Amino acid sequence: MRVLIAGCGYVGRQLGAALAAHGHHVVGLRRSPAAAEALRAAGIEPAFGDVADRPSLDALPLPFDWVVNCVASGGGGPEDYRRTYLKGTRHLLDWLGASPPAKFIYTSSTGVYGQTDGADVDETSPTEPVSATAQTLVTTERVLLKTARERDFPAIVLRLAGIYGPGRGYWLRQFIAGEARIEGEGRRILNLVHRDDVVSAILTVFERGQAGEVYNVVDDAPVTQRGFFTWLATRLNRPLPPVVPEDRAAKPKRGLTNKRVSNRKLKVEVGYQFRYPTFREGFEPELEALGFARQA
Ligand SMILES: NC(=O)c1ccc[n+]([C@@H]2O[C@H](COP(=O)([O-])OP(=O)(O)OC[C@H]3O[C@@H](n4cnc5c(N)ncnc54)[C@H](OP(=O)(O)O)[C@@H]3O)[C@@H](O)[C@H]2O)c1
Numbered sequence: 017m018r019v020l021i022a023g024c025g026y027v028g029r030q031l032g033a034a035l036a037a038h039g040h041h042v043v044g045l046r047r048s049p050a051a052a053e054a055l056r057a058a059g060i061e062p063a064f065g066d067v068a069d070r071p072s073l074d075a076l077p078l079p080f081d082w083v084v085n086c087v088a089s090g091g092g093g094p095e096d097y098r099r100t101y102l103k104g105t106r107h108l109l110d111w112l113g114a115s116p117p118a119k120f121i122y123t124s125s126t127g128v129y130g131q132t133d134g135a136d137v138d139e140t141s142p143t144e145p146v147s148a149t150a151q152t153l154v155t156t157e158r159v160l161l162k163t164a165r166e167r168d169f170p171a172i173v174l175r176l177a178g179i180y181g182p183g184r185g186y187w188l189r190q191f192i193a194g195e196a197r198i199e200g201e202g203r204r205i206l207n208l209v210h211r212d213d214v215v216s217a218i219l220t221v222f223e224r225g226q227a228g229e230v231y232n233v234v235d236d237a238p239v240t241q242r243g244f245f246t247w248l249a250t251r252l253n254r255p256l257p258p259v260v261p262e263d264r265a266a267k268p269k270r271g272l273t274n275k276r277v278s279n280r281k282l283k284v285e286v287g288y289q290f291r292y293p294t295f296r297e298g299f300e301p302e303l304e305a306l307g308f309a310r311q312a
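FYI, the numbering for the sequence shown is 17 to 312, going by the working numbering.
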């Protein structure tokens with residue numbers, strides 16, 4: 017297979033390495049030429065361009081059998097989200113129009129679920145987030161799914177939860193640095209997924225996912241903020257982080273959501289089996305890498 021990974025960063029590079037190891041030809045798109053060496057070392061052919069700059073895509077060597085859009089805004093604001101996700105995805109669709117792949121995956125986010133009441137959500141739940149950035153992800157999904165329906169384009173949307181793994185894990189790092197805080201009663205639910213499961217889920221969906229469908233990619237164990245820190249405090253034999261009052265006034269502005277995201281569809285319809293079904297197994301290798309002895 018010839019595979020294009022647009023946005024070949026944290027997830028993309030690992031995905032590309034896995035595909036290359038299986039004998040596929042992988043091209044990884046970035047803006048930064050400094051990434052070339054790391055991509056080559058992973059068996060990925062580097063390519064440079066900006067998905068928001070349509071002409072820059074014309075230099076890429078069509079056709080591709082599989083394309084995945086893993087481009088990320090990297091913490092940008094609403095305008096950067098529109099440029100990176102919406103404009104970038106429209107450009108990829110336009111560029112691939114004459115030469116469509118067999119599968120196109122877009123890595124969206126569980127941030128599209130705007131629920132704030134701790135509700136269980138699945139792929140049929142409303143996607144009405146209040147933040148402008150999450151609204152852009154919803155619009156991007158709609159553009160793709162409309163194209164899938166109207167032009168028979170083989171697009172699939174994956175809604176990824178908060179990714180952790182080697183070198184990544186916001187809540188773990190906050191805890192270890194002594195900067196973690198439990199907000200209010202700590203009832204806000206964290207929906208998490210290990211990077212290696214994101215990679216394997218993308219590979220599985222390339223092989224068995226249905227065009228025009230949406231799948232959540234989240235582990236089996238959404239956990240409250242308090243539940244997560246309680247596990248970590250026990251595991252590392254440290255005190256729980258201090259409790260601070262919840263900043264209710266800032267909540268809508270921060271676009272904070274609270275929901276429990278289901279992975280049932282990915283498991284039942286695609287047959288995906290998680291390597292790290294919960295954060296408890298998933299964080300072990302990272303804790304070990306940080307010098308904490310593995311638990312017996
Ligand atoms: N991290 C999470 O918790 C999370 C949660 C939900 C969904 N997601 C989604 O998962 C996907 C993968 O995330 P990740 O953590 O692997 O992101 P990442 O490490 O930031 O990688 C994204 C890559 O995209 C490249 N890029 C950014 N803008 C680009 C542009 N305009 N044109 C071409 N390349 C561009 C960047 O490299 P250059 O700067 O060199 O271009 C970067 O290496 C993204 O779609 C992200 O939105 C992530």
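Note that CB positions come from ideal geometry on N, CA and C, so glycine has one too.
Note that the structure is predicted; figures quoted are calculated from it, not measured.
Taking only heavy atoms of ligand 1 into account, decide whether any of them is closer than 8 Å to the Cβ of ALA177. yes
Cα separation between ILE192 and LEU252? 9 Å
Three or more C-beta pairs under 8 Å: does that hold for the region 268-287 against the region 118-137? yes
Label SER48 either buried or exposed according to how many other C-beta atoms from any shown protein chain fall within 10 Å of its C-beta, with 16 as the threshold for buried. exposed
Does the region 197-204 touch the region 281-290, meaning 3 or more C-beta pairs lie closer than 8 Å? no
Among GLU144, VAL137 and GLY183, which has the Cα closest to the Cα of ASN232? VAL137
The beta strand (DSSP E) that contains VAL27, what's its start and end? Note, VAL27: premise wrong, no beta strand (DSSP E); alpha helix (DSSP H) at 26-37.
In whole angstroms, give me the CA-to-CA distance for CYS86 and LEU55. 15 Å
Do ALA227 and VAL286 count as a contact pair if the criterion is CB distance below 9 Å? no
If we count Cβ pairs, one from each stretch, closer than 8 Å, do we get three or more for the region 82-102 versus the region 19-27? yes
Identify which residue in SER89, ALA50 and THR105 has its Cα closest to the Cα of ARG337. With the chain represented from 17 up to 312, any question about residue 337 goes unanswered, as that position is not in the structure.
Endpoints, the beta strand (DSSP E) within which HIS40 is located: Segment: none, HIS40 is in no beta strand (DSSP E) and carries neither H nor E.
Same chain, Cβ closer than 8 Å to VAL215, five either side skipped, listed in chain order: VAL27, GLN30, LEU31 and ALA34
Just the Cα atoms here: how many angstroms apart are LEU160 and ALA309? 45 Å
Could you give the uninterrupted runs of the beta strand (DSSP E) lying entirely in the region 35-117, keeping only those of 3 residues or more? 41-46, 61-64 and 82-85
Cβ-based neighbour list, GLU304, same chain, cut-off 6 Å, excluding 5 preceding and 5 following: ARG310
Given this structure, state the Cα-to-Cα distance separating ALA15 from ASP96, to the nearest angstrom. Missing from the structure shown is residue 15; the chain here goes from 17 to 312 and no further.
Given the structure, does THR100 come close to ligand 1, in the sense that its CB is under 8 Å from one of the ligand's heavy atoms? yes
Using the Cα positions of ARG101 and GLU195, report the straight-line distance between them to the nearest angstrom. Correcting the residue type first, residue 101 is Tyr in the shown sequence and not Arg. About 31 Å.
Just list the alpha helix (DSSP H) runs in the region 264-310, keeping only unbroken ones of 4 residues or longer that don't cross its boundaries, in chain order. 267-270, 280-285, 295-298 and 300-305
To the nearest angstrom, report how far apart ASP6 and LEU219 are at their CA atoms. Not covered by the structure: residue 6. The range shown for the chain is 17 to 312.
Neighbourhood of THR143 by C-beta distance below 8 Å, restricted to the same chain and skipping five residues each side: VAL128, TYR129, GLY130, VAL154 and GLU157
Output the boundary residues of the beta strand (DSSP E) element that contains GLY11. Only positions 17 to 312 of the chain appear in this structure, which leaves residue 11 out of reach.
Decide if ASP183 is buried, meaning its Cβ has at least 16 other Cβ atoms within 10 Å, or exposed. At residue 183 the sequence reads Gly, which differs from the Asp that was named. Exposed, by the Cβ-count rule.
Taking only three categories from DSSP, how would you classify SER125? strand
In this structure, how does DSSP classify ASP213 when only helix, strand and coil are distinguished? helix
Quick check: is any heavy atom of ligand 1 less than 8 Å from the C-beta of VAL154? no
Is DSSP giving ARG204 helix, strand or coil here? coil
With distances taken between CB atoms, is the gap from GLY44 to ALA63 smaller than 9 Å? yes
Taking DSSP's pairing of strands, which residues face ASN232 in a bridge? ARG175
If we call anything under 9 Å between Cβ atoms a contact, is ILE172 one with HIS210? no
Compare the Cα-Cα distances from ILE60 to each of ALA51, ASP168 and ALA68 and report the closest residue. ALA51
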